[in-house]
């Protein structure tokens, strides 16, 4: 048995055999004096197969995720039909009389490189599509399997170096027991995907896992980050029990997902969702969310090739607010910069993007971005329970400045006689240690706080959470983070303000009793985590939670904190 | 040989969806169709060619058609451009 430790990225336990996700390299050797018409015939046959494959993917994605997601594949089909591309392949073939693979590769590279040279992010991205299409035809010509998952025909644990969105779109979800990924952190693509699907995952497990062979037995512990290769019988039976317990708790939670979360001593605790678009909004309602604690607005900015207009934003916000009826929806203003870039803004490169011009700091520099968003939010808030939240606030002056711009927008809308909310609740994210330390002063300026534990932890511990080398240090269970959380909650309550949390920690089963004990008023999390979070809240009393919180604040490190709660409360012990 | 000078008014220019709609429409005709932007000309039936012209909003293009359905092709592509490719966003 071999034991490895990575980052727990998605709850649950997988016990099964390994499926290695490996991309086979495309190798082309050029040969001369070929029969041009025979080579061309091979090309036409491969083209036909490629069209069938892509049409199939297009239909599949359209049915599963909708037209918008499928569009990239209809664009690829158009590339396969492109007369210029075909001519250019033919020209190379006629001129060089080489093998079709080499001719195609040359033609594809010509087009892709021409696109890349243009000063246009959209076209540069199309170069990728051209190569993707080209590689597909080359794989067909060379007899390489269409996708690395072609041989995946029994439910397995997917083991990979790293996965991209296009890798995952085609994997049959019923064939995935769990993920074990060598690279990446808790916010990597696979981690987010796995949580969305409710599939256990460990990421950042290290390059060593790539030595594991297909078919070997593996256990993936998505709650503590352990991976066992060829586990002993004891381990297997231990984890089989855990899996049973987890599945049972999940089942109970799901059956009560739409009931409120009321503690043993009768206190109702608000459980809401983190969402990023209209589809998420619907999923959140289905999962039992009582509103939205964090509406990320970046999606509107990331999907287009230019800034979204006020009107486009208004329509999207309104569509989301409408899903939730009277429930509150907290809209967070644009949080771009740091690790999130917008290609069309061409923002200057910074040496330290996480400590640079991001989020509210960027918005202050760019009223042409900030004001249309605030105006759209104010309009969408009319007659609805929409609140506005500013990210990355470090000082009191910043809140005052943000508030002044908001008032300016309100006055403009009033003068233009555009209907909008005259009064909205204003809150800030507490994600910078300075804001947590000054929370007693900041609380006087706002209606609520929402603690962003991901950033708060990485800034407090000076450890990049996306860097697998230090991700363990950046744990939100670290006592210094928990002490800051307590400080923030106490300061807000003193001013009669409420405190929510929209960081990953709020949806962590082990963290929930602690946060409840610290007095957190609102728990906001990814929709799939909601049913279980409610069930955990139902299982404890506020008094008991308080005792737990007091004790863990005296502990030394995140491991101690987690084991203490796990040992004490069987419901979170999975 | 019929030709026409037209202004692209769609906010995205001849990019993304507008470009695909345009190329798909052009591909339905038998005649040869070219589109010229500045000094560069491409077949209107080639998505890669049309995209690489890099036509932005409010720029002018010249459409030329040649062959049996040249007139009706020019007319229908002109309408498509004037209607912002059917989605007045």
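Protein chains in written order, with this note's numbering: chain A, 66 to 639; chain B, 14 to 102. Built from N, CA and C at the ideal position, the CB exists for glycine as well.
Among 27/B, 52/B, 41/B and 86/B, whose alpha-carbon lies nearest the alpha-carbon of residue 14/B?
86/B
Amino acids of chain B, ordered along the chain, whose beta-carbon sits closer than 9 Å to that of residue 144/A:
Chain B residues near residue 144/A: 60 and 61.
Nearest residue (CA-CA) to residue 578/A, options 120/A, 473/A, 386/A and 598/A
598/A
For residue 510/A, write down the residues that DSSP places opposite it in a beta bridge.
According to DSSP, which records beta bridges pairwise, residue 510/A is partnered with nothing at all.
Same chain, Cβ closer than 7 Å to residue 509/A, neighbours up to 5 away in sequence not counted
560
Cα-Cα separation between residue 69/A and residue 634/A, rounded to whole angstroms
26 Å
Just mark residue 359/A as buried or exposed, buried being the case when its beta carbon has 16 or more other beta carbons within 10 Å.
A residue is called buried once 16 or more other Cβ atoms fall within 10 Å of its Cβ, and residue 359/A is buried on that count.
When burial is assigned at 16 or more other CB atoms within 10 Å of the CB, is residue 249/A buried or exposed?
Residue burial annotation: residue 249/A is buried, with at least 16 other C-beta atoms found within 10 angstroms of its C-beta.
Would you please verify whether the beta carbon of residue 23/B is less than 8 Å from any beta carbon of chain A?
Contact with chain A is absent for residue 23/B, since none of that chain's Cβ atoms lies less than 8 Å from the residue's Cβ.
Assuming residue 169/A contacts residue 142/A under a Cβ cut-off of 8 Å, what Cβ separation, rounded to an integer in Å, is found between them?
At roughly 17 Å, the Cβ-Cβ gap does not stay under 8 Å, so residue 169/A and residue 142/A are not in contact.
Looking at the structure shown, is residue 315/A part of a helix, part of a strand, or coil, going by DSSP?
helix
From 118/A, 125/A and 312/A, residue whose alpha carbon lies closest to that of residue 638/A
312/A
With a threshold of 16 other CB atoms inside 10 Å of the CB of residue 99/B, please say whether the residue is buried or exposed.
exposed
Should residue 92/A go down as buried or exposed, given a rule of 16 or more other Cβ atoms within 10 Å for buried?
exposed
With 16 other Cβ atoms within 10 Å as the buried cut-off, status of residue 95/B
exposed
Terminal residues of the alpha helix (DSSP H) in which residue 86/A lies
It is not in any alpha helix (DSSP H) - residue 86/A instead sits in the beta strand (DSSP E) that spans 78–86.
Residues of chain B with CB closer than 9 Å to the CB of residue 51/A, please, in chain order.
With chain A represented from 66 up to 639, any question about residue 51/A goes unanswered, as that position is not in the structure.
Could you check what DSSP says for residue 102/B in three-state terms: helix, strand or coil?
Any reading at residue 102/B needs caution, since the residue's pLDDT is 42, under 50, leaving its predicted position unreliable; the model's value is listed next. Residue 102/B: coil per DSSP, three-state reduction.
Helix, strand or coil: how does DSSP classify residue 222/A here?
Here DSSP, grouped into helix, strand and coil, assigns residue 222/A to strand.
Cβ of residue 33/B less than 8 Å from any chain A Cβ?
yes
Quick one: which chain A residues come within Cβ less than 7 Å of residue 56/B?
Chain-ordered, the chain A residues with CB closer than 7 Å to the CB of residue 56/B read 148 and 149.
My guess is that residue 642/A and residue 201/A are in contact by the Cβ rule of under 8 Å, so how many angstroms apart are they, rounded?
The requested residue 642/A does not occur in the structure, where chain A is confined to residues 66 to 639.
For the alpha helix (DSSP H) that contains residue 624/A, what are its first and last residues?
It spans 623–633 - the alpha helix (DSSP H) in which residue 624/A sits, taken as one unbroken run.
May I ask you to report which of helix, strand or coil DSSP gives residue 54/B?
strand
Verify whether the separation of the beta carbon atoms of residue 525/A and residue 546/A is less than 8 Å.
yes
Taking the Cβ atom as the reference point for each residue, do residue 651/A and residue 66/B lie within a distance shorter than 8 Å?
Residue 651/A is absent from the structure shown; chain A starts at 66 and stops at 639.
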